[in-house]
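Numbers 7 to 89, taken from my numbering, label the letters of the sequence shown in order.
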Amino acid sequence: MSTITGGSAVRWTVTRRSRRSMSMTLREGVVESLNGAQATVKLKSGRRADVAIAELRTHGQPTVIGSFVEALRAAHRPDEAPL
């Protein structure tokens with residue numbers, strides 16, 4: 007697992023829910039500073055966001071949205087369907 011430091015390019019998933027739907031968005035940015043369990047991340051738009059370090063992934067690490075999609079693919083493979 008890669009260590010996250012100032013200047014690291016990171017990604018994280020933002021999950022939103024409403025009554026009958028759920029959306030997942032992949033966000034990307036660069037860590038500006040670390041403050042305990044939080045990191046201040048500068049987005050491509052220039053805005054800043056405070057994100058929990060536990061939610062951040064560096065390039066090459068699986069993201070929450072990627073793991074979710076892979077789980078869906080694995081669950082619906084025709085060659086593994088029960089008879």
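Backbone N, C-alpha and C define an ideal beta-carbon position, used for all residues, glycine too.
Proximity to residue i [Cα-Cα], best of the options
i, options, result
"Trp18", "Thr9, Arg26, Ile59", "Ile59"
"Gly12", "Phe74, Gln67, Gln44", "Gln44"
"Val35", "Arg83, Gly66, Ser14", "In the sequence as presented, Val is not what sits at residue 35; that position holds Gly. With distances taken between Cα atoms, Gly35 lies closest to Ser14."
Residues of its chain near residue i, where Cβ-Cβ distance is below 6 Å and the 5 sequence neighbours each way are ignored
i, result
"Ile71", "Thr19, Met30, Leu32"
Integer-rounded CB distance, given that residue j should sit under 8 Å from residue i
i, j, result
"Glu38", "Arg54", "7 Å"
Cut-off 8 Å between Cβ atoms - residues of its own chain near residue i, not counting five sequence neighbours on either side
i, result
"Ile10", "Val16, Val37, Leu40, Ala45, Ile59, Leu62, Thr64"
Beta-ladder partner(s) of residue i, from DSSP
i, result
"Arg63", "Arg17"
"Ala45", "Leu40, Val57"
"Val22", "The sequence as given places Arg at residue 22; Val does not occur at that position. The partner list for Arg22 (beta bridge, DSSP) reads Ser29."
"Gly72", "None, per the DSSP bridge assignment."
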